[in-house]
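Residue numbers (the numbering used here): 371 to 745.
Using N, Cα and C, we set each Cβ at its ideal position, and we do this for glycine too.
Since the model is a prediction, treat every value here as computed from it, not as a measurement.
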């Protein structure tokens, strides 16, 4: 794949720094690394191979069984948990590859138990408790807790873990998160009274790791901060996390335009004066958001160059008036050049999205190059 058109550089030294920093913040808790959506667009296989080296990394969380199977096929041996719903057609392969499901109903657990009996094996599972997120999971009521008791009686199901997920842990006001935590404690205590205990209890997500440490329990789930990105602009920057991805391209065309000339689809930019314009061979087909049209900027030769006109599928244009620019000069779309830095958070804000979404949408047309300094 051509790396001159556009390339994402992944700094594995910063990945190592981030996992070590997360451990420093929560030294008594193991870490489950959330590498769903191809590690938020960074490359799940490459990341898992590095993160497996750390003793305090318990394992990995993914969103689908296919994501987990891909990790197993590529040699990842630590525990893998599917955080979301698993369809029945995937049960056999999950058991085959020792991928743990999240259990959200008795019927689901019974079907897994039946499949295990056919295969002559057992499986570890984690129980999901909905304490206020409103997605999936058991609630804090008698009927749901009785369902968990029935699951505990299944012979081929091992209730290894129990977890919940916070809806507002990335806000300054943690009152809702504390209410969720109280509910989670209540469920754990009620199940304990029924003689049901778990090897692993986990609740803390990235925001909680930073600012809600009473939710750490046995294990924390590190997602967005693993990649050097912030959960929200309300979360205090109390940890030293470093961005892992930068994106570079090159100028492919430079021209002069006259006052009144228009740029790109719809003519949304009209030159107010004579200008110099450069074309960059990247577009929304690569995940570089159309929302950056007439809003974003790039870095060229140490200068900011504003995007003018609409971002096309494969190209966009920038104003390079007053900048010494030639064809094939390097362009920074994400990262640092000279005195300036473009962050994923800034790209999200400018495009009307947020950093998680922008990272996940960076397309497969952009090759990833993994950079590591062993010195």
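Return helix, strand or coil for residue 557, following the three-state DSSP convention.
-> For the purposes of this step, residue 557 is identified with residue 187 of the chain shown, where counting begins at 1. Looking at residue 557 - three-state DSSP - the assignment turns out to be helix.
From residue 535 to residue 732, what distance separates their C-alpha atoms?
-> Translated into positions along the chain shown, residue 535 becomes position 165. Translated into positions along the chain shown, residue 732 becomes position 362. Roughly 26 Å between the two C-alpha positions.
Nearest neighbour of residue 518, chosen from 563, 551, 540 [CA to CA] | On the chain shown, position 148 is the one that residue 518 refers to. Here the closest residue by C-alpha is 563.
Please name the residue or residues paired with residue 626 in a DSSP beta bridge.
-> If you number the chain shown from 1, residue 626 lands on position 256. BP columns for residue 626 point to 646.
For residue 719, the nearest candidate out of 598, 665, 673 (CA to CA) = By one-based count along the chain shown, residue 719 stands at place 349. It is 665.
Residues in its own chain within less than 8 Å of residue 656 by CB, not counting five upstream and five downstream?
-> Within the chain shown, the letter at position 286 stands for residue 656. 376, 684, 732, 733, 735, 736.
On a CA-only basis, which of 591, 567, 434 is nearest residue 399? Give me that one, please.
-> Looking up residue 399 in the chain shown gives position 29. If we check each option's Cα against that of residue 399, 591 comes out closest.
In or out: residue 680 buried (at least 16 other Cβ within 10 Å) or exposed?
-> Indexing the chain shown from 1 puts residue 680 at position 310. With 16 or more other Cβ atoms within 10 Å, it is buried.
Measure the Cβ-Cβ separation of residue 625 and residue 647 and say whether it is below 8 Å.
-> By 1-based counting over the chain shown, the position of residue 625 is 255. By 1-based counting over the chain shown, the position of residue 647 is 277. For residue 625 and residue 647, yes; Cβs fall inside 8 Å.
Helix or strand or just coil, what does DSSP make of residue 530?
-> Against the chain shown, residue 530 aligns to sequence position 160. Note: residue 530 maps to strand in three-state DSSP.
Who are the Cβ neighbours of residue 379 in its own chain at under 6 Å, not counting the five residues just before and after it?
-> Within the chain shown, residue 379 is the residue found at index 9, counting from 1. For residue 379, where only same-chain residues beyond five positions count, the Cβ hits under 6 Å are 616, 739, 741.
Which residues mark the beginning and the end of the alpha helix (DSSP H) in which residue 573 is found?
-> Indexing the chain shown from 1 puts residue 573 at position 203. It is not in any alpha helix (DSSP H) - residue 573 carries neither H nor E in the DSSP assignment.
Do you know whose CA, among 465, 530, 509, 514, lies nearest residue 495's CA?
-> One-based indexing of the chain shown puts residue 495 at position 125. Checked all of 465, 530, 509, 514; the closest Cα to residue 495 is 530.
Please report how far the alpha carbon of residue 605 lies from the alpha carbon of residue 730, in whole angstroms.
-> Translated into the one-based positions of the chain shown, residue 605 becomes position 235. Translated into the one-based positions of the chain shown, residue 730 becomes position 360. The straight-line gap from Cα to Cα measures roughly 21 Å.
Output the boundary residues of the alpha helix (DSSP H) element that contains residue 466.
-> Residue numbering aside, residue 466 sits at position 96 when the chain shown is read from its first letter. First-last of the alpha helix (DSSP H) with residue 466: 461-466.
For residue 448, which residues of its own chain have a beta-carbon under 6 Å away from its beta-carbon, when the five flanking residues on both sides are left out?
-> Along the chain shown, read from residue 1 onward, the residue named residue 448 stands at position 78. Cβ neighbours of residue 448 beyond the five flanking positions: 422, 429.
Three or more C-beta pairs below 8 Å linking the stretch 596-611 and the stretch 550-564 | no
Nearest to residue 782 by alpha carbon, out of 432, 714, 682, 697?
-> The displayed coordinates of the chain run from 371 to 745. Any statement about residue 782 would go beyond what the structure contains.
To the nearest angstrom, report how far apart residue 420 and residue 389 are at their CA atoms.
-> The sequence position of residue 420 within the chain shown is 50, counting from 1. The sequence position of residue 389 within the chain shown is 19, counting from 1. Spanning the two alpha carbons is a distance of roughly 10 Å.
Can you tell me whether DSSP reads residue 401 as helix, strand or coil?
-> Looking up residue 401 in the chain shown gives position 31. In the structure shown, residue 401 sits in a strand (DSSP, three-state: E or B).
Over the uninterrupted beta strand (DSSP E) stretch that includes residue 591, give me the two end residues.
-> As a first step, residue 591 must be located in the chain shown, where it is residue number 221. Note, residue 591: beta strand (DSSP E), 589-592.
Residue ranges of each beta strand (DSSP E) within the stretch 373-399, 3 or longer | 376-381
Extent of the continuous alpha helix (DSSP H) to which residue 715 belongs = Indexing the chain shown from 1 puts residue 715 at position 345. Per DSSP, residue 715 belongs to the alpha helix (DSSP H) from 714-721.
Just reading off the alpha helix (DSSP H) that residue 726 is part of, what are its end residues?
-> What you label residue 726 is simply residue 356 of the chain shown in a count that begins at 1. Taken as a continuous stretch (DSSP letters only), the alpha helix (DSSP H) holding residue 726 covers 725-731.
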